[in-house]
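> Its first residue numbered -16, the first sequence is counted upward by one per residue in this note's numbering.
We put the CB at the ideal spot given by N, CA and C, even for glycine.
Shown below is the structure under consideration.
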Amino acid sequence: MPMHETLSATGIGVSLFDLRHTFESAQPLTFYAEYNAQSNTLTYTSGAHIINVGASGGVEKGTLLVVSKDLGYSVAEVTRRFRLSDNMRSVYKRISTDSFMRASIERYKGMRLTLNDPWETTLCFIISQFNNVKRIGLITKNVVRTFGPAIKGDNDNVIAHSFPGSGDLAHATIKELMACGAGFRAKYIKEAAEYCTNNLSLQGLRSKGHDELKEELMGISGVGDKVADCIALFGYGDTRAFPVDVWMQRAMERMYFKGKKTGVRKIHEFADKRWGAYSGFAQQYIYHYARNARIGVDAKPRLGK
DNA sequence: ACCCAGGCGGGCG
DNA sequence: CGCCCGCATGGG
């Protein structure tokens, strides 16, 4: 009879932190974590660990309550995952380049970039292609439930699944992946899993610079320029990365190119010149604002002064 | 019914 | 190179 492991908890002081905006801004945790808006709490897995995070207090100054069976691991995990060492005051100073950016920062103040496992990020964003946020989450959770190693509770009952590693998916069949709803991405998922298990060490790319990192990532089946930017940003913390999806393209054209059709290359050049190593932060604020305000679809954004 | 979604691979010019 | 097309599927 194993000793009953009890949960323990501790609080971390945070400033300029908003759990809801962070969760809702279509980063990897959006696709496989569980968020409770009522209690402002988030539950997710990290390896075989189950982590519970609750945010309280204000956005300017608040507390992150961490609850788990292994506090040492979990506090380190939360600190890394939510990039708590980012000084948002200086980030905002660096990306407040115009009234649109100031409006987005004001509206989504405290939204953070997250830093996730490279393979988890790769899988999430292969699933993301030509897809919408709700269905990305649906498919990702199906894949986790189907292929992720079981996490068992005190009664030996399955209470959750770890995120499946590339090795767990390398032997998946197309049929099984289709049953998860992956559609035409099933082939990409299988090929990417095989490649990242047998031919490429994602962990080994951590020391690469922006350009070489993207180039290596684009060697993975189902990973093109945009998905490579997402993996670089959310999986490696490469904040020079500036993913341009359809929402970003429309918003950038509307806000910075007088509404004219503009190629992704030009948009990248513009972002790099304007925000440099902070482009990834700028991107997240532009993306989240654009998607919620439906910029370029059916509404005009209201700008601050 | 119709259009769209955090795009990519492949084929063609 | 760049351009163009098909692609599974469910939400709005």
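Here's the rule: buried if 16 or more other CB atoms are within 10 angstroms of the residue's CB, otherwise exposed. What is glycine 192?
Glycine 192 comes out exposed.
> Could you pull the DSSP bridge partners for lysine 135 from this structure?
Answer by DSSP bridge pairing, in chain order: Val141.
> Per DSSP, leucine 25 forms a beta bridge with which residues?
Leucine 25 is bridged to Tyr18 and Val36.
> Identify every residue that forms a DSSP beta bridge with threonine 105.
DSSP, once it has assigned bridges, lists no residue as partnering threonine 105.
> CA-CA distance, methionine 161 and alanine 133?
Roughly 21 Å between the two C-alpha positions.
> Would you check if there are 3 or more beta carbon pairs closer than 8 Å linking the stretch 20 to 32 to the stretch 137 to 149?
A contact exists between the stretch 20 to 32 and the stretch 137 to 149.
> With respect to the beta strand (DSSP E) encompassing lysine 44, which residues constitute its N-terminal and C-terminal limits?
Unbroken beta strand (DSSP E) run through lysine 44: 44 to 51.
> Let me know if lysine 288 comes out buried or exposed under the rule of 16 or more other beta-carbons within 10 Å of its beta-carbon.
Summary for lysine 288: the model assigns pLDDT 22, below 50, so the residue's position carries little reliability; its value from the coordinates is reported in the next sentence. Lysine 288 comes out exposed.
> Excluding the 5 residues flanking leucine 152 on each side, which residues of the same chain have their C-beta closer than 6 Å to its C-beta?
So the list reads Phe130 and Ala176, once near-sequence residues are dropped.
> For threonine 222, count neighbouring C-beta atoms within 10 Å of its own C-beta (all shown protein chains included) and say buried if the count is 16 or more, exposed if not.
It is buried - the Cβ of threonine 222 has at least 16 other Cβ atoms within 10 Å.
> Tell me, to the nearest whole angstrom, how far the beta carbon of arginine 64 is from that of threonine 97; I am working on the premise that it is less than 8 Å.
Correct: roughly 6 Å between the Cβ atoms.
> By Cβ distance, which residues of its chain are closer than 8 Å to serine 68, with the 5 residues on each side in sequence left out?
Correct list, in chain order: Thr62.
> When we look at the beta-carbon of histidine 271 and count the other beta-carbons within 10 Å, is it buried (16 or more) or exposed?
Buried, since its Cβ has 16 or more Cβ neighbours within 10 Å.
> Just to confirm, is the Cβ distance from leucine 2 to leucine 25 under 8 Å?
It is a contact, given that the beta carbons lie within the stated cut-off.
> Which class does valine 280 belong to by DSSP, given the choice of helix, strand or coil?
Three-state DSSP puts valine 280 in coil, outside helix and strand.
> Okay, do the stretch 4 to 18 and the stretch 117 to 125 touch, 3+ Cβ pairs below 8 Å being the bar?
As far as the Cβ criterion goes, the stretch 4 to 18 touches the stretch 117 to 125, which means the pair count is three or higher.
> Using beta-carbon positions only, say whether tyrosine 239 and phenylalanine 253 come within less than 8 Å of one another.
Yes, these two residues count as a Cβ contact at 8 Å.
> To the nearest angstrom, how far is it from the Cα of lysine 249 to the Cα of aspartate 53?
For lysine 249 and aspartate 53, the distance between alpha carbons rounds to 47 Å.
> Would you decide whether glutamate -12 is buried or exposed? Buried here means 16 or more other CB atoms lie within 10 Å of its CB.
Per the 10 Å Cβ criterion, exposed.
> Just how far apart, CA to CA, sit glycine -4 and glutamate 43?
Their Cα atoms are separated by approximately 11 Å.
> If you compare alpha carbons, which of Lys209, Val210 and Ala224 is closest to leucine 360?
Nothing can be reported for residue 360: it is not among the residues displayed for the chain, which extend from -16 to 288.
> Assuming alanine 153 is part of the alpha helix (DSSP H), what are its boundary residues?
First-last of the alpha helix (DSSP H) with alanine 153: 149 to 153.
> For cysteine 163 and glutamine 232, I'd like the C-alpha separation in whole angstroms.
Distance between the alpha carbons of cysteine 163 and glutamine 232: 30 Å.
> Do isoleucine 214 and phenylalanine 113 have their beta-carbon atoms positioned less than 8 Å apart in this structure?
For phenylalanine 113 and isoleucine 214, no; Cβs fall outside 8 Å.
> Report the rounded CA-to-CA distance for lysine 158 versus threonine 80, giving the unit in angstroms.
The alpha-carbon atoms of lysine 158 and threonine 80 are separated by roughly 49 Å.
> Pull up the CB-CB distance for leucine 106 and isoleucine 172, whole angstroms please, since I reckon it's below 8 Å.
Right, the Cβ-Cβ distance comes to about 7 Å (below 8 Å), so this counts as a contact.
> Specify the secondary structure class of alanine 9 as computed by DSSP and reduced to three states.
The answer is coil: DSSP assigns alanine 9 none of H, G, I, E or B.
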